[in-house]
Amino acid sequence: MSEFICRQNLTAYPWDNSCLKSKPLDLKQFEKLDAYAKKVTAKRTVEELVQTLLRVAHTDLEKVRAIWMWISHHIEYDVVGFHDKKNQSYKPQDVLQSGKSICEGYAGLFEQMCSIAGVHCMNLSGYSKGYGYRTGQTFEGAYDHAWNAVYLDGRWHLVDSTWGSGFVDDRCSKFTSRYNEFYFLTHPALFINNHFPGNDNWQLLKPTVTLKQFENNMLYMSNFYKMGLLVAHPETPIIQTVNGKVTVEVESRSPMLFTFGLKGAKEYSLMTLKRNGMNLELYPQKMGSHKLQIYAKPPKDSEEVYICVLEYNIECSSVDRNVCFPKELQQPVGPSWFTERQGILRPSQKDPVIHTNDGCCDLSFILSKDLSVLASLQSDSVNLSEDGGRRHILQKCQGNQINFKIHLPHAGNFAFTIFAKKKSDPGNYKYVFNYLICCPNTKVKWPMFPQTYSTWAESYELVEPLAALLPANCNIKFKLKLHSIAKAFVQCEKIYPLSLSKDGYWEGSCSTSGCTKIYVMVLENANHKFYSHILKYEVEPQ
11 MSEFICRQNL TAYPWDNSCL KSKPLDLKQF EKLDAYAKKV TAKRTVEELV
61 QTLLRVAHTD LEKVRAIWMW ISHHIEYDVV GFHDKKNQSY KPQDVLQSGK
111 SICEGYAGLF EQMCSIAGVH CMNLSGYSKG YGYRTGQTFE GAYDHAWNAV
161 YLDGRWHLVD STWGSGFVDD RCSKFTSRYN EFYFLTHPAL FINNHFPGND
211 NWQLLKPTVT LKQFENNMLY MSNFYKMGLL VAHPETPIIQ TVNGKVTVEV
261 ESRSPMLFTF GLKGAKEYSL MTLKRNGMNL ELYPQKMGSH KLQIYAKPPK
311 DSEEVYICVL EYNIECSSVD RNVCFPKELQ QPVGPSWFTE RQGILRPSQK
361 DPVIHTNDGC CDLSFILSKD LSVLASLQSD SVNLSEDGGR RHILQKCQGN
411 QINFKIHLPH AGNFAFTIFA KKKSDPGNYK YVFNYLICCP NTKVKWPMFP
461 QTYSTWAESY ELVEPLAALL PANCNIKFKL KLHSIAKAFV QCEKIYPLSL
511 SKDGYWEGSC STSGCTKIYV MVLENANHKF YSHILKYEVE PQ
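Residue numbering for the sequence shown follows my numbering, beginning at 11 and increasing consecutively.
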């Protein structure tokens, strides 16, 4: 019997290219064998089929592998027979001829093929967390599943060729053929996650797991292990909210991308990526029981789809009405290893949530690639236009460092979103990540920054005035850092030249009397005849 391996110590066992095994395997050794077994067509008898497979399978391990591979790729789950079991035959010869069956037929065929091949195999039955399983349900009465154990190298190993061949939909009306390597020689400590044999000895665990423990244990999908995920917290499938909130954490062996879905209720959430996992804070906005599904995918291929890796039932006994995040807030929130891969490094603000009482905050990053970056500010409480959201952000770039100065238009919660593209790319900017900015101070009411034109260079810096709307009948000071220009002036009713100070700033002042608009203009080259608009201000009505 295999010693019991607690979930926290799973990393002590070998991970191959696909999943954790009870027998260390290099799947590359089976490449030719697998290809042969998949191409073998059904024969007239089970004996003839096995003899054909044994032409390339010689050791007991190779024999079991060939049998597993053939059944997993040639027998379909019989969704019609599942609903009409009385008229079905599970005899191996009948399963071979029909090419389909339910779990009893899969297991029976697997056992007989192993017997013919001279490999000791047992047909096992028990309860499973498969089709129709509901989180937290109890098991009683007749067993609902069948699988096998094979004897290799002096030990028993577990195999489920039914689940290795594919899966059925929620109504068991359609079978999808999709090979699943996970259920070949699965480690007993993982197999017990969703298989509970009628005879405790066939758990192959010491100590054994009780039926009550099996019912209460967290269900980890096979993809959870195949993706290199290690554990989730909490480790119970039913979670009670505490003051309207639940927190879920997933640990992984390497960086992964995650998403989630909560069925039955609107929610506010904050999901953050960690170097090895993720953290999710969830605030359901409806009382009752809701299903939470966590999805994951490796970051290598952006086109790859997210796959469900675990499920929880959220029992919401209270709702936190004080939580209200902007609907534009995208998950995950905050900087992470993923934003680093996009070329945005060393954030001055590492936390996903920025708290400000005066409505102001500053952010800076290092750009590692030839990136061009834009940012936007969005809130549910006031409908900010795209231009309005950007004009509450003042952006400056010096070398590979980019700075954002943010002045909120009012109190509330905002999504501060960063977009980027390569400077050489003529296409559109693409979303990278966002922060949540929270300001509780109802007295906050910052005006927009002045309008910038396309001639406003990334390296330019505006010191004053920062407000787009200037008071009437006042003398306004201007101070800017403008690189590589010949002249600069302010234009309103009159022209007010700006002079270059010793510390590198263009400075001057103008009167707002009698004008409605004010422009800052530059001459980029002394040989040019035309000035360019770089900033525009409005003047309050008199």
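Cβ coordinates follow ideal geometry from the N, Cα and C atoms, glycine included.
Beta bridge pairing from DSSP links Asp372 with Lys415.
The Cβ-Cβ distance between Asn323 and Thr145 falls below 8 angstroms. Between Asn286 and the set Thr526, Ala275, Val383, Glu259, the nearest pair of CA atoms involves Glu259. For the pair Phe120 and Val169, the CB atoms are nearer than the 8 angstroms cut-off.
If you compare the alpha carbons of Phe268, Gln341, Gly151 with that of Cys318, the shortest gap goes to Phe268. Ser509 is classed as exposed because its beta carbon has fewer than 16 other beta carbons within 10 Å across all chains shown. Every beta strand (DSSP E) of 3 residues or more that sits fully in the segment 140-209 is shown, in chain order, as 155-162, 165-169, 176-178, 185-187, 194-196, 205-207. Distance check between Arg54 and each of Val178, Tyr46, Gln341, Val105 places Val105 closest, using alpha-carbon atoms only.
When the alpha-carbon of Leu302 is set against those of Leu339, Ser264, Pro244, the nearest one is in Pro244. Taking each of Gly514, Ile495, Gln501 in turn and checking the Cα distance to Ala536, the smallest one comes out for Ile495.
The continuous alpha helix (DSSP H) containing Thr62 extends over residues 56-63. By the C-beta criterion, the segment 373-390 is judged to be in contact with the segment 398-412, since at least 3 inter-stretch pairs fall below 8 angstroms. Here DSSP, grouped into helix, strand and coil, assigns Trp347 to helix.
At the C-beta level, Leu229 and Asn190 stay beyond 8 angstroms of one another. In the three-state scheme derived from DSSP, where H, G and I count as helix and E and B as strand, Lys284 is classed as strand. Ala152 counts as exposed, since fewer than 16 other beta carbons sit within 10 angstroms of its beta carbon.
Two segments are said to touch when three or more pairs of C-beta atoms, one from each, lie closer than 8 angstroms; by this definition the segment 336-352 touches the segment 436-450. The continuous alpha helix (DSSP H) containing Ile81 extends over residues 70-84.
In this structure, DSSP gives Glu314 a state outside helix and strand, which the three-state scheme calls coil. Less than 8 angstroms separates the beta-carbon of His402 from that of His417. Between the segment 214-233 and the segment 271-280, the count of Cβ pairs shorter than 8 angstroms is below three; the stretches do not touch. Within the same chain, Asn204, Leu229 come within 6 angstroms of Lys139 by CB-CB distance, once the 5 residues on both sides are set aside. Under the criterion of beta carbons closer than 8 angstroms, Ser32 and Thr196 qualify as touching, at roughly 7 angstroms. Pairing Lys236 with Leu30, the inter-Cα distance amounts to about 8 angstroms. For Phe488, the secondary structure class from DSSP, reduced to helix, strand or coil, is strand. Cβ-Cβ distances below 6 angstroms link Pro475 to Ile486 in the same chain, with the five nearest sequence neighbours on each side left out; the list follows chain order.
Shown here, Ala482 sits in coil according to DSSP, grouped into three states, outside any helix or strand. Separation of Cys502 and Phe540 (C-alpha to C-alpha, rounded to the nearest whole angstrom) is 17 angstroms. Going by beta carbons, Met266 and Pro308 fall inside the 8 angstroms limit. Just so you know, the alpha carbons of Ile544 and Thr427 end up roughly 24 angstroms apart. Contact check for Tyr100 against Gly176 fails: the beta carbons are separated by 8 angstroms or more. Within the model, the alpha-carbon separation for Thr366 versus Val343 is close to 17 angstroms. At the C-beta level, Ser382 and Ala430 come within 8 angstroms of one another.
Rounded to whole angstroms, Glu58 and Gln103 show a C-alpha spacing of 11 angstroms.
Taking every protein chain shown into account, the CB of Arg400 has 16 or more other CB atoms within 10 angstroms, so this residue is buried. For Gly271, the enclosing beta strand (DSSP E) begins and ends at 267-273.
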